[in-house]
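Protein chains in written order, with our numbering: chain D, 14 to 148; chain U, 14 to 148; chain B, 14 to 148; chain F, 14 to 148; chain S, 14 to 148; chain Y, 14 to 148.
Here is the structure we will look at, set down as structure tokens.
There are 6 protein chains.
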Amino acid sequence: MAIVPPIEYADASPAVRAVYDDIMTTRRVDSVNNFWKVLANDPANLQRVWESVKSVMAPGALDALTKELLYVAVSVTNNCEYCILSHTAGARAKGMTTAMFNELMAVVALANETNRLSNGYRIDVDDRFRDPLPP
Amino acid sequence: MAIVPPIEYADASPAVRAVYDDIMTTRRVDSVNNFWKVLANDPANLQRVWESVKSVMAPGALDALTKELLYVAVSVTNNCEYCILSHTAGARAKGMTTAMFNELMAVVALANETNRLSNGYRIDVDDRFRDPLPP
Amino acid sequence: MAIVPPIEYADASPAVRAVYDDIMTTRRVDSVNNFWKVLANDPANLQRVWESVKSVMAPGALDALTKELLYVAVSVTNNCEYCILSHTAGARAKGMTTAMFNELMAVVALANETNRLSNGYRIDVDDRFRDPLPP
Amino acid sequence: MAIVPPIEYADASPAVRAVYDDIMTTRRVDSVNNFWKVLANDPANLQRVWESVKSVMAPGALDALTKELLYVAVSVTNNCEYCILSHTAGARAKGMTTAMFNELMAVVALANETNRLSNGYRIDVDDRFRDPLPP
Amino acid sequence: MAIVPPIEYADASPAVRAVYDDIMTTRRVDSVNNFWKVLANDPANLQRVWESVKSVMAPGALDALTKELLYVAVSVTNNCEYCILSHTAGARAKGMTTAMFNELMAVVALANETNRLSNGYRIDVDDRFRDPLPP
Amino acid sequence: MAIVPPIEYADASPAVRAVYDDIMTTRRVDSVNNFWKVLANDPANLQRVWESVKSVMAPGALDALTKELLYVAVSVTNNCEYCILSHTAGARAKGMTTAMFNELMAVVALANETNRLSNGYRIDVDDRFRDPLPP
């Protein structure tokens with residue numbers, strides 16, 4: 014059980030309900046996840062985090078599915094069970110197949126491996142990797 | 014300087030040269046990065062890691078650019094400077110724009126934030142996130 | 014179940030009991046946590062860790078509650094369930110309110126986010142942040 | 014050098030200047046750090062992150078200095094050099110003494126140690142640590 | 014339950030059975046762990062990871078037990094429950110005593126502590142630690 | 014440069030000198046590393062950390078070289094440059110060859126890879142890995 018109890022819609026303040034409503038409208042679902050129900054104990058933080066998720070995860074230069082895959086990659090690296098399962102579900106809803114999930118796992122695992130080879134051997138960065146990105 | 018010295022092509026054994034040749038052929042480049050030159054101190058590991066990178070990073074259910082973005086996401090989370098810079102260069106060579114890089118950073122950062130909210134509050138996983146993926 | 018079994022007071026050696034007694038006296042409690050009961054399988058390490066906790070967590074330039082909050086911040090970042098729950102309880106016993114806990118979560122989460130923005134973009138440290146602290 | 018170049022005030026768009034102005038006004042300083050200058054390459058993210066920092070780091074149930082100490086604790090655990098140095102400077106500006114910094118380091122280090130003892134031995138959480146916080 | 018279901022020998026394709034057979038022959042056991050049964054959903058990755066484990070974990074300049082202890086050290090640092098328990102069992106099968114396990118935990122914990130002291134204080138590397146290893 | 018300045022022997026208090034003397038005697042060297050010189054800003058913590066290192070790293074059920082290798086494994090996983098370089102030097106002084114170092118890197122890297130496969134797929138722990146160690 015979470016350290017603070019989840020707050021259901023029926024028990025929520027108007028400010029919290031407004032966030033819940035926006036989540037449900039934006040995502041076209043009829044309930045909100047435990048994540049939001051627990052954050053609702055701190056309404057200002059609930060709103061802040063939701064606004065961040067809403068804007069950062071919207072499709073832009075990267076499409077929505079790619080963003081979900083990136084979310085899973087980070088969550089696996091950090092071992093956040095809740096985030097792995099919720100964003101895997103989110104990725105699946107956006108079109109991720111099992112084959113894509115398997116490749117995602119392989120890439121994340123390999124990157125964690127070569128990260129340690131690079132850091133462990135203290136490998137010098139090749140000069141040509143130092144070019145900044147164009148504006 | 015790395016803990017073991019990089020091995021240049023001219024000084025490499027035939028087994029190491031064979032891997033270097035395969036890297037250059039596969040990637041259509043005319044030299045190999047410091048990463049491979051340092052790993053070459055352990056030829057068996059050099060070959061193993063290269064075979065892994067070659068097979069895991071090849072386009073499949075996920076395209077090559079998406080895989081590079083995932084690699085950067087992991088490398089940023091782990092703070093591997095070499096990997097961030099080399100895979101950012103790799104992603105750029107495969108079409109990543111600066112706008113895509115900026116969105117990548119925003120997603121990775123936000124995922125690291127919500128990972129800690131989920132883990133910190135010990136939020137229970139919603140039952141519907143427990144459905145396994147289809148075969 | 015832990016990898017080695019917890020050792021209860023009744024079954025403990027005199028050396029282990031002496032540490033248990035000191036923990037109970039120092040903390041004014043009548044039993045010790047599973048953490049200590051498991052460490053007791055290695056009496057020398059039990060004593061070493063307890064002496065460290067006793068001295069580091071005592072109030073000094075920082076008060077005892079602030080130290081517990083810092084402990085929770087680290088434990089959330091590392092995802093140590095035992096440590097999050099035990100030190101949240103410890104912080105609560107020293108006066109942490111639910112409002113303080115919520116703010117703690119928000120700060121820890123945000124720091125994890127901006128850590129990745131700084132590391133991901135490889136932002137140069139501003140010169141004025143290089144001033145050493147005064148003796 | 015950062016992966017994207019910092020944007021100076023003189024070269025910034027009105028939207029970016031508005032954020033810079035708010036940072037300088039809120040913090041009563043006459044320039045902004047490299048962190049913000051680099052984020053300015055993505056004005057929407059710049060504004061989002063600044064709004065988050067502004068609201069989360071404002072004094073509330075926790076005072077501003079405690080929040081800076083927590084920020085340093087997370088940044089040390091993650092090894093973010095930029096964040097360690099900038100938030101140590103921030104903490105110092107808010108009253109952190111060298112003695113406080115030394116104790117902060119000791120607590121962060123010890124928490125990282127006992128996190129691994131708890132996770133490594135797989136210690137069961139004591140039942141009484143499962144009480145949720147009061148609303 | 015894992016995100017993709019484990020594949021039992023009776024249900025496995027010839028390619029997967031060939032890997033299972035090699036695991037059982039190499040390790041002189043009559044079944045394979047859940048780890049391999051889950052990886053079997055991606056036969057190419059199953060084979061790649063098994064070949065890596067088989068070659069990296071074979072005794073060489075380091076003996077097999079030392080390699081298992083190192084595996085546990087990494088897994089504790091990353092908090093991978095599956096890996097801690099499976100490689101602790103593996104180390105035990107290769108001769109690790111409880112006394113050795115306790116010392117392993119103490120070293121891993123202490124290293125995590127001093128890692129943060131070094132990174133937190135930003136301690137300069139002593140020149141003599143910069144000597145590369147001999148070829 | 015470290016956040017607090019290193020304290021040289023000539024400038025050290027008697028309490029700090031006593032620790033420096035014990036380090037030099039125990040290790041049979043004629044100077045102490047920057048690590049200790051920086052910790053010396055907090056004499057109580059200096060003594061505590063040194064006593065911990067002295068007792069934990071002494072040969073016991075595990076020999077001194079194995080303990081140094083474990084230290085490097087943790088330090089690579091956490092990316093602590095100071096610790097990687099100082100404990101690699103320490104391991105070398107205790108007999109680690111370059112071949113051993115290369116195998117160490119391969120094991121650490123692979124463990125980081127399979128840690129993420131286990132955590133990412135949420136693989137269930139096999140029942141037989143749950144047996145506790147014998148007392």
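Think of the CB as a built atom: it goes at the ideal place given N, C-alpha and C, for glycine as much as any other residue.
Rank the options by C-alpha distance to the C-alpha of residue i and give the top, closest one.
i: Ala23/D; options: Arg40/D, Ala53/D and Thr38/D; result: Ala53/D
i: Asp76/D; options: Ser131/U, Glu116/U and Ala71/U; result: Glu116/U
i: Lys50/F; options: Pro19/F, Tyr33/F, Asn58/F and Ala124/F; result: Pro19/F
i: Val66/Y; options: Leu123/S, Ser131/S, Gly73/S and Met37/S; result: Leu123/S
i: Leu59/B; options: Phe142/B, Leu146/B and Asp34/B; result: Asp34/B
i: Pro15/U; options: Gly133/D, Ala86/D and Phe142/D; result: Strictly speaking, residue 15/U in this sequence is Ala, with Pro absent from that position. Selected option, being the one with the closest Cα: Gly133/D.
i: Ser68/D; options: Arg40/D, Tyr95/D and Phe48/D; result: Arg40/D
i: Ala28/D; options: Leu83/D, Asp55/D and Met70/D; result: Asp55/D
i: Val89/S; options: Val32/Y, Ile136/Y and Val121/Y; result: Val121/Y
i: Asp144/U; options: Val42/D, Glu64/D and Thr111/D; result: Thr111/D
i: Asn92/Y; options: Asn128/S, Tyr84/S and Val62/S; result: Asn128/S
i: Thr38/F; options: Ala25/F, Trp63/F and Asn47/F; result: Trp63/F
i: Val99/F; options: Ile136/B, Val45/B, Leu82/B and Pro147/B; result: Residue identity differs from the one stated: residue 99/F is Ser in this sequence, not Val. Checked all of Ile136/B, Val45/B, Leu82/B and Pro147/B; the closest Cα to Ser99/F is Ile136/B.
i: Phe142/S; options: Met70/Y, Ala102/Y, Ala74/Y and Val45/Y; result: Ala102/Y
i: Gly108/F; options: Tyr84/F, Val87/F, Leu78/F and Cys96/F; result: Leu78/F
i: Ala71/D; options: Asp140/U, Leu82/U, Val17/U and Ala119/U; result: Ala119/U
i: Lys80/U; options: Ala106/D, Ile97/D, Asn46/D and Met113/D; result: Met113/D
i: Ser131/B; options: Asn47/F, Glu21/F and Asp43/F; result: Asn47/F
i: Leu146/D; options: Ile97/U, Val32/U, Ala74/U and Pro148/U; result: Ile97/U
i: Glu126/F; options: Val87/B, Glu126/B and Arg105/B; result: Val87/B
Is residue i helix, strand or coil when you go by DSSP?
i: Met37/S; result: helix
i: Lys107/F; result: coil
i: Asp55/U; result: coil
i: Cys96/B; result: helix
i: Met118/B; result: helix
i: Leu146/B; result: coil
i: Arg135/U; result: coil
i: Pro27/U; result: helix
i: Ala74/S; result: coil
i: Asp43/Y; result: coil
i: Met113/B; result: helix
i: Val17/F; result: coil
Would the beta-carbon of residue i be found less than 6 Å away from any heavy atom of the ligand NAD?
i: Ala57/U; result: In the structure shown, the ligand NAD is absent, as is every other ligand, since no ligand is present at all.
Note the first and the last residue of the continuous alpha helix (DSSP H) segment covering residue i.
i: Tyr84/D; result: Ala77 to Asn91
At a CB distance below 8 Å, what residues from the region 57-83 of chain S approach chain U? Give them in sequence order. Listed by position along the chain: Ala57, Asn58, Arg61, Glu64, Ser65, Ser68 and Val69.
Give, in chain order, every residue of the region 23-44 of chain D whose Cβ lies closer than 9 Å to some Cβ of chain B. none
Relative to chain F, which residues along the region 79-113 of chain U have a C-beta separation below 7 Å, given in chain order? Asn92, Thr101 and Thr111
Name the residues in the region 123-135 of chain B whose C-beta lies less than 9 Å from a C-beta of chain F; which are they? Leu123, Ala124, Asn125, Glu126, Thr127, Asn128, Arg129, Leu130, Ser131, Asn132, Gly133, Tyr134 and Arg135
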